[in-house]
Amino acid sequence: MHFPGRFADLLVADQLDRMSLSFLVDDLVIRRGGSAANIAFGLGVLGQSPLLVGAVGPDFAEYRGWLEDHGVDCSAVLVCDDVHTARFVCTTDDDMRQIASFYTGAMARSREIALAPLVPRGLDIVLIGASDPEGMLRHTAECRDLGVPFVADVSQQVARMEGPELRLLVEGARYLMTNDYEWELLQKKTGWTDEQVAERVEVRITTLGEHGATIVGRDVGEITVGVVQETAKVDPTGVGDAFRAGFLAGTAGGLSLERAAQLGSLIAVQVLETDGGQEWAWDRATAVRRLSDAFGPEPTAEIEKVLPAA
């Protein structure tokens, strides 16, 4: 939903303990979403073969068809007949600030899913995104035990989980992916310094909104990646997921971390310019032009090698 105003104008600092607000919105759209599905969708569009793992309700059938039509393997999805698929209800104001609620529904059953039976399929890397906390902890531990590389992407759950849990989610990750706010909160809760995190993960990627992203790794030092200039700011929902899809598609295609992040920036801005995390359309010629405008011809020539034809 869209609120035609600013949340900040309606919040009274000394009355927050009595806050009771209702926002009259001027638009309502219902979109497909969920971090795992958004990332898998992006990977599928970019020519990869993502395997979606998660729990859904009996209302998933139409969504399954959409994802499979865009290259996502949904055969590992657990269908629970007694609860609805998770719902994210979000209101965005004119400053692109958001107030949201999240209904977990079937997502809480993701803790029942085991990764071990999926290993014979050939798992290149497992992204463990925001989901049921117990499920996240189980899947992280499984990846460590099975020797499967994983991405720690705690996302919104960094606010809910405490330091000991967050340490278990991060320890041993190939990539730790957060935005700048989540990164600061993660450090505060874990008590870890930059150096201590670097001892526990191979590469840290921190997105910085309109300021791009920072990559810090044991063998690469620190890399700053810029953004692809947006043509409009329509809706920020799913932008982080889009960056992850582009980045992982790039690394899967053999790109360097910097080039993969540049591809991530392109996909992220396309989601920013559309209403919904899976409403963007792929056009190779436009993508190449925008990459060249943002990063120059030489980086674009490298990235172009992994881009799908259509």
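Numbering-wise, this note's numbering puts 267 at position 210 of the sequence shown, and it's gapless, one number per residue. Virtual Cβ for every residue (Gly too), placed ideally from N, Cα, C. Note that the structure is a prediction, hence the values are computed from the model and not measured.
* Taking the alpha carbon of Thr-288 as the point to measure from, which residue in Val-258, Leu-329, Glu-199, Ala-306 has its own alpha carbon closest? -> For the purposes of this step, residue 288 is taken as the residue at position 231 of the sequence shown. It is Leu-329.
* **Within 8 Å, strictly: CB atoms of Ala-118 and Leu-109** => Within the sequence shown, residue 118 is the residue found at index 61, counting from 1. Within the sequence shown, residue 109 is the residue found at index 52, counting from 1. No.
* **Assigned exposure category for Ala-351 - 16 Cβ within 10 Å defines buried** => Here the question's residue 351 lines up with position 294 in the sequence shown. Looking at its Cβ environment, which holds 16 or more other Cβ atoms inside 10 Å, Ala-351 is buried.
* Looking only at its own chain, which residues have a Cβ that is under 6 Å from the Cβ of Pro-211, when we skip the five neighbours before and after it? -> Taking the sequence shown and counting its residues from 1, one reaches residue 211 at position 154. Looking at the sequence itself, residue 211 is Val, so the reference to Pro does not match. Close CB contacts of Val-211 within its chain, under the 6 Å cut and outside five residues either way in sequence, are with Leu-226 (chain order).
* To do: Give the single residue among Gly-128, Ser-92, Asp-138, Asp-84 whose Cα lies nearest to the Cα of Asp-150.
  => For the purposes of this step, residue 150 is identified with residue 93 of the sequence shown, where counting begins at 1. Looking at the Cα atoms, Asp-84 is the closest of the given residues.
* Using CA coordinates, which residue listed in Thr-247, Ala-255, Val-258, Glu-315 is at the minimum distance from Thr-271? -> In the sequence shown, counting from the first residue as 1, residue 271 sits at position 214. Ranking Thr-247, Ala-255, Val-258, Glu-315 by Cα distance to Thr-271 puts Glu-315 first.
* Asked: CA-CA distance, Leu-323 and Thr-281?
  -> Stepping through the sequence shown from its first residue, residue 323 is reached at position 266. Stepping through the sequence shown from its first residue, residue 281 is reached at position 224. Taking the straight line from one Cα to the other gives about 15 Å.
* Figure out for me which residue from Gly-179, Asp-189, Cys-137, Leu-184 has the closest Cα to the Cα of Thr-161. => By one-based count along the sequence shown, residue 161 stands at place 104. Considering only alpha carbons, the answer is Asp-189.
* In chain order, which continuous runs of the alpha helix (DSSP H) of length 4 or greater are located wholly inside the segment 308-353? -> Whole alpha helix (DSSP H) segments, 4+ residues: 314-329, 341-352.
* Please look up how many angstroms separate the CB atoms of Glu-259 and Arg-231, rounded, as I've assumed it's under 8 Å. => If you number the sequence shown from 1, residue 259 lands on position 202. If you number the sequence shown from 1, residue 231 lands on position 174. At roughly 5 Å, the Cβ-Cβ gap stays under 8 Å, so Glu-259 and Arg-231 are in contact.
* To do: Kindly give me the distance between the Cβ atoms of Asp-340 and Asn-95, rounded to whole angstroms, as I take these residues to be in contact under 8 Å.
  => Looking up residue 340 in the sequence shown gives position 283. Looking up residue 95 in the sequence shown gives position 38. In this structure Asp-340 is not in contact with Asn-95, their Cβ atoms being roughly 19 Å apart against a cut-off of 8 Å.
* Asked: Taking the alpha carbon of Pro-293 as the point to measure from, which residue in Arg-261, Arg-168, Gly-333, Ala-157 has its own alpha carbon closest?
  -> The residue given as residue 293 occupies position 236 in the sequence shown. Taking only the C-alpha atoms, the option nearest Pro-293 is Gly-333.
* Provide the residue(s) that pair with Gln-155 in DSSP beta bridges, ordered along the chain. => To locate residue 155, count along the sequence shown from 1; it is residue 98. Per DSSP, Thr-149.
* Using the beta-carbon count (16 or more within 10 Å), is Glu-222 buried or exposed? -> Working through the sequence shown from its first residue, we reach residue 222 at position 165. Result: buried.
* Asked: In or out: Arg-166 buried (at least 16 other Cβ within 10 Å) or exposed?
  -> Position 109 of the sequence shown holds residue 166. Looking at its Cβ environment, which holds 16 or more other Cβ atoms inside 10 Å, Arg-166 is buried.
* Can you find at least 3 beta carbon pairs, one from the segment 170-178 and one from the segment 137-157, that sit closer than 8 Å? -> no
* Arg-195 in three-state terms, based on DSSP -> As a first step, residue 195 is located in the sequence shown; it is residue number 138 there, counting from the start. Of the three classes helix, strand and coil, the one that applies to Arg-195 here is helix, per DSSP.
* Asked: Do Glu-267 and Val-285 have their C-beta atoms closer together than 8 Å?
  -> Locating residue 267 in the sequence shown gives position 210, where the first residue counts as 1. Locating residue 285 in the sequence shown gives position 228, where the first residue counts as 1. Cβ atoms of Glu-267 and Val-285: not closer than 8 Å.
* To do: Taking Val-102 as the reference, give the member of Asp-116, Asp-130, Ile-87 with the closest Cα.
  => Sequence index remark: in the sequence shown, residue 102 carries index 45 (1-based). Shortest Cα-Cα distance from Val-102 to any of Asp-116, Asp-130, Ile-87 involves Asp-130.
* To do: Thinking Arg-75 and Tyr-120 are a contact (beta carbons under 8 Å), I'd like their distance in whole angstroms, please.
  => Here residue 75 refers to the residue found at position 18 of the sequence shown. Here residue 120 refers to the residue found at position 63 of the sequence shown. At roughly 40 Å, the Cβ-Cβ gap does not stay under 8 Å, so Arg-75 and Tyr-120 are not in contact.
* Asked: Ordered along the chain, which non-local residues of its own chain (more than five positions away) have a Cβ less than 8 Å from that of Arg-217?
  -> The sequence position of residue 217 within the sequence shown is 160, counting from 1. The residues are Pro-190.
* To do: Report buried or exposed for Phe-159, applying the criterion of at least 16 other Cβ atoms within 10 angstroms of its Cβ.
  => Here residue 159 refers to the residue found at position 102 when the sequence shown is read from its first residue. The residue in question, Phe-159, is exposed, as its Cβ has fewer than 16 Cβ neighbours within 10 Å.
* To do: Pull up the distance between the alpha-carbon of Val-296 and that of Gln-327, whole angstroms please.
  => Looking up residue 296 in the sequence shown gives position 239. Looking up residue 327 in the sequence shown gives position 270. Rounded to the nearest angstrom, the two C-alpha atoms are 8 Å apart.
* To do: Locate the alpha helix (DSSP H) running through Gly-278, then write down its first and last residues.
  => On the sequence shown, residue 278 is found 221 positions in, with the first residue counted as 1. Where Gly-278 is concerned, there is no enclosing alpha helix (DSSP H), although the beta strand (DSSP E) around it starts and stops at 278-282.
* Using CA coordinates, which residue listed in Asp-116, Met-58, Leu-124, Leu-73 is at the minimum distance from Gln-335? -> Within the sequence shown, residue 335 is the residue found at index 278, counting from 1. The candidate whose alpha carbon is nearest that of Gln-335 is Leu-124.
* **Rounded C-alpha distance that separates Phe-300 from Ala-338** => As a first step, residue 300 must be located in the sequence shown, where it is residue number 243. As a first step, residue 338 must be located in the sequence shown, where it is residue number 281. If you take the alpha carbons of Phe-300 and Ala-338, they lie about 15 Å apart.
* Of all the beta strand (DSSP E) runs that stay within the bounds of the segment 200-277, which reach a length of 3 or more residues? -> 207-209, 232-236, 260-264, 270-274
* **With 16 other Cβ atoms within 10 Å as the buried cut-off, status of Glu-256** => One-based indexing of the sequence shown puts residue 256 at position 199. Result: exposed.
* Could you have a look at Ala-143 and say whether DSSP puts it in helix, strand or coil? => As a first step, residue 143 must be located in the sequence shown, where it is residue number 86. Note: Ala-143 maps to coil in three-state DSSP.
* What is the rounded straight-line gap between the Cα of Gln-319 and the Cα of Thr-264? -> Taking the first residue of the sequence shown as position 1, residue 319 is located at position 262. Taking the first residue of the sequence shown as position 1, residue 264 is located at position 207. Going by C-alpha positions, Gln-319 is about 12 Å away from Thr-264.
* Going by alpha carbons, who is nearest to Phe-397 out of Asp-66, Gln-72, Arg-144? -> Absent from the structure is residue 397, since the part of the chain shown begins at 58 and ends at 367.
* To do: Helix, strand or coil for Val-176, going by three-state DSSP, please let me know.
  => Within the sequence shown, the letter at position 119 stands for residue 176. Helix, per DSSP.
* To do: Out of Thr-235, Leu-233, Gly-220, Asp-237, state which residue places its alpha-carbon closest to the alpha-carbon of Gly-248.
  => Taking the first residue of the sequence shown as 1, we reach residue 248 at position 191. Nearest of Thr-235, Leu-233, Gly-220, Asp-237 to Gly-248, Cα basis: Gly-220.
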